[in-house]
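Protein chains in written order, with my numbering: chain W, 517 to 789; chain Z, 2 to 295.
Structural data, given as structure tokens:
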């Protein structure tokens, strides 16, 4: 067991601790001397950086909900595909690829489809009269859903498979309607895993960098893009430490979301066990 | 009336293999609407990308030039080869680290299960960009604090652009959730405790138990773990980009400016190939599974 814990200590814990400590280092722009200060934390919560946090949080919340709803619908539909065994296997493997392979290929697929020179762009704007830009929050949400829906399918499917048919039969035999079954039996059983999967989608969307970078460069206020910008900046003195403060902020936000999730989970599971 | 019909239909099947029952027309229609709408959403970008790459802008008609020029494109062979090598190394280290861990948790330290489970889930919710900013800060210690010492030499060696070991070490962390879950599923489904106890009672040594009993049981889950890890490494962009290394995904982004059709062609091809490979593995897995059950 020791190698496992040691490995995590060096490659997971150490970087995070260093991040948390060095986020409080600042370089004096005049004397170039390093010192301790909370100035970075103040800087990253206001102005462009503050807007980036808000932008990222909004985008992640919206895409997480969209991904969760559509992914749940797809998962239920896939489970019911009685004849289509092949269909089911194809959907699941495709979901595995899209959810894990990363955002760069997806970004380029969408650039070719509804980007400036995209194949479908002309159809949408000229024929249907839609004004639409891929290089916006809406555009990013459309692309993010492309890997969040599959992620939802993969995460929620085991929970759906755990719904025992006998429960439905018992409910039916007792005269419950479909709605009543979902309201009093299926819904409460599924609520914790659905909430957990939605949190995972949120974290995944919040952390997404590749897609946004490949799609919009840095023209959209997102924390991940701001972090990368501040790391590559040679202009601003101490920008590197600002990037660390921004990253620390992300970790704290994700931690808060997870704490909230754990709290809800404990409340809902009290009567299930 | 319908409730009664449902009850009868439900009682008819002793053990329906799908929890969500089919049969009612409205339900079937609803399912096909979902498949249709989402199918459109998922297929249109792939189809449009293929059209984007084979459409000949100058002469009109169809060309396969973007695909034929992939192998000889500048930087492709180098970065793709490097990504494959990084993937293989990540697989080896991740398995060497996690197979013993999962087995020890199952057989010797069941109390640690929750802790290990939580720790391996951490990389799933922790933003990789935050992790890599931390890694970058640690690496910056080499010139700042350790200059001229063996520690600095070692840290510089990790960052060799030809084969950046530091990427492998970080990728192992990122792959932990997938590797652990795949292996854990195999261990739980395989009744490993019973099997190892039987082997030990019959006089097998620990190494023999390991190689003749445990690893064959875990074959499928190891295969799953290997595949997920490879896919993760081949598609990983954030860590490589922030640490400034050239890998396959960073190369795609790099060439997109000068050769948009090429970058789209590579993207589509990599997605479809990965999918085909995964479909193949799942088909093999299925055939083996039915053979063993029969």
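Using N, Cα and C, we set each Cβ at its ideal position, and we do this for glycine too.
Being a predicted model, the structure only gives us computed values, none of them experimental.
Start and end residues, alpha helix (DSSP H) containing residue i
i                     : result
residue 223 (chain Z) : 220-236
residue 712 (chain W) : 703-723
residue 552 (chain W) : Looking at the DSSP string, residue 552 (chain W) is not in any alpha helix (DSSP H); the run it does join, the beta strand (DSSP E), is 550-552.
residue 632 (chain W) : Premise fails: residue 632 (chain W) is in no alpha helix (DSSP H) and is neither H nor E.
residue 57 (chain Z)  : Segment: none, residue 57 (chain Z) is in no alpha helix (DSSP H) and carries neither H nor E.
residue 91 (chain Z)  : 77-108
residue 212 (chain Z) : Here residue 212 (chain Z) belongs to no alpha helix (DSSP H), and DSSP marks it neither H nor E.
residue 742 (chain W) : 739-748
residue 523 (chain W) : 518-524
residue 257 (chain Z) : 249-257
residue 155 (chain Z) : 151-159
residue 147 (chain Z) : Element bounds for residue 147 (chain Z): n/a, residue is neither H nor E.
residue 663 (chain W) : 653-677
residue 682 (chain W) : 681-689
residue 179 (chain Z) : 166-190
Closest residue to residue i among the options (Cα-Cα distance)
i                     : options                    : result
residue 180 (chain Z) : Z:162, Z:35, Z:104         : Z:104
residue 768 (chain W) : W:603, W:536, W:634, W:703 : W:536
residue 225 (chain Z) : Z:121, Z:163, Z:281        : Z:281
residue 774 (chain W) : Z:122, Z:223, Z:218        : Z:122
residue 273 (chain Z) : Z:44, Z:124, Z:38, Z:163   : Z:44
residue 107 (chain Z) : Z:189, Z:37, Z:94, Z:63    : Z:189
residue 587 (chain W) : W:611, W:606, W:602, W:650 : W:611
residue 673 (chain W) : W:650, W:574, W:524, W:596 : W:596
residue 549 (chain W) : W:765, W:754, W:772, W:758 : W:754
residue 615 (chain W) : W:526, W:665, W:553, W:772 : W:665
residue 566 (chain W) : W:637, W:740, W:702        : W:740
residue 757 (chain W) : W:554, W:530, W:547, W:521 : W:554
residue 238 (chain Z) : Z:262, Z:197, Z:251        : Z:251
residue 569 (chain W) : W:585, W:605, W:738        : W:738
residue 713 (chain W) : Z:89, Z:125, Z:60, Z:30    : Z:125
residue 558 (chain W) : W:542, W:546, W:547        : W:542
residue 66 (chain Z)  : Z:261, Z:119, Z:155        : Z:261
residue 633 (chain W) : W:644, W:650, W:622, W:618 : W:650
residue 732 (chain W) : Z:258, Z:194, Z:263        : Z:258
Pair within 8 Å by beta-carbon distance, residue i and residue j
i                     : j                     : result
residue 736 (chain W) : residue 653 (chain W) : yes
residue 671 (chain W) : residue 716 (chain W) : yes
residue 468 (chain W) : residue 749 (chain W) : Nothing about residue 468 (chain W) can be reported from this structure: the residues present for chain W run from 517 to 789 only.
residue 743 (chain W) : residue 661 (chain W) : no
residue 648 (chain W) : residue 640 (chain W) : yes
residue 53 (chain Z)  : residue 265 (chain Z) : yes
residue 562 (chain W) : residue 760 (chain W) : no
residue 730 (chain W) : residue 254 (chain Z) : yes
residue 98 (chain Z)  : residue 173 (chain Z) : yes
residue 620 (chain W) : residue 76 (chain Z)  : no
residue 120 (chain Z) : residue 603 (chain W) : no
residue 590 (chain W) : residue 90 (chain Z)  : no
residue 676 (chain W) : residue 780 (chain W) : no
residue 635 (chain W) : residue 727 (chain W) : no
residue 102 (chain Z) : residue 517 (chain W) : yes
residue 197 (chain Z) : residue 84 (chain Z)  : no
residue 240 (chain Z) : residue 133 (chain Z) : yes
residue 613 (chain W) : residue 275 (chain Z) : yes
Interface partners of residue i on chain Z, CB under 7 Å
i                     : result
residue 550 (chain W) : What residue 550 (chain W) touches in chain Z: nothing, since even the nearest Cβ is about 10 Å away.
residue 668 (chain W) : None at all; the shortest Cβ gap to chain Z is about 11 Å.
residue 612 (chain W) : 279
residue 802 (chain W) : Residue numbering for chain W in the displayed model covers 517 to 789; residue 802 (chain W) lies beyond these limits and cannot be assessed.
residue 523 (chain W) : 98
For residue i, the first and last residue of its enclosing beta strand (DSSP E)
i                     : result
residue 542 (chain W) : 541-543
residue 66 (chain Z)  : Unbroken run through residue 66 (chain Z) is the alpha helix (DSSP H), 66-69; no beta strand (DSSP E).
Beta-carbon neighbours of residue i, restricted to chain Z and to distances below 8 Å
i                     : result
residue 620 (chain W) : 236, 238, 250, 253, 254, 268
residue 616 (chain W) : 179, 229, 232, 233, 236
residue 638 (chain W) : The contacting residues do not exist; residue 638 (chain W) stays about 11 Å from chain Z at best.
Chain-ordered neighbours of residue i on chain W, where CB pairs are closer than 7 Å
i                     : result
residue 83 (chain Z)  : Within 7 Å Cβ-Cβ: nothing; residue 83 (chain Z) doesn't reach chain W, min ~16 Å.
residue 32 (chain Z)  : 593, 596
residue 130 (chain Z) : 723, 725, 740, 743, 763
residue 52 (chain Z)  : 635
residue 276 (chain Z) : 609, 610, 613
residue 170 (chain Z) : 527
9 Å Cβ cut-off: residues of chain Z touching residue i
i                     : result
residue 605 (chain W) : 280, 283, 284, 287
Interface partners of residue i on chain W, CB under 8 Å
i                     : result
residue 143 (chain Z) : Correct list: empty, because the minimum Cβ distance to chain W is about 13 Å.
Pair every Cβ in the stretch 652-666 of chain W with every Cβ in the stretch 614-626 of chain W, then say whether three or more of these pairs are closer than 8 Å. yes
Do three or more CB pairs link the stretch 197-210 of chain Z to the stretch 228-242 of chain Z at distances below 8 Å? no
Pairing CB atoms from the stretch 719-734 of chain W with CB atoms from the stretch 126-133 of chain Z, are three or more of them under 8 Å? yes
Is it true that the stretch 256-269 of chain Z meets the stretch 39-54 of chain Z, where meeting means three or more beta-carbon pairs spaced less than 8 Å apart? yes
Under 8 Å: do the stretch 242-261 of chain Z and the stretch 166-176 of chain Z share three or more Cβ pairs, one atom per stretch? yes
Does the stretch 214-222 of chain Z come within contact of the stretch 137-145 of chain Z, defined as at least 3 CB pairs closer than 8 Å? no
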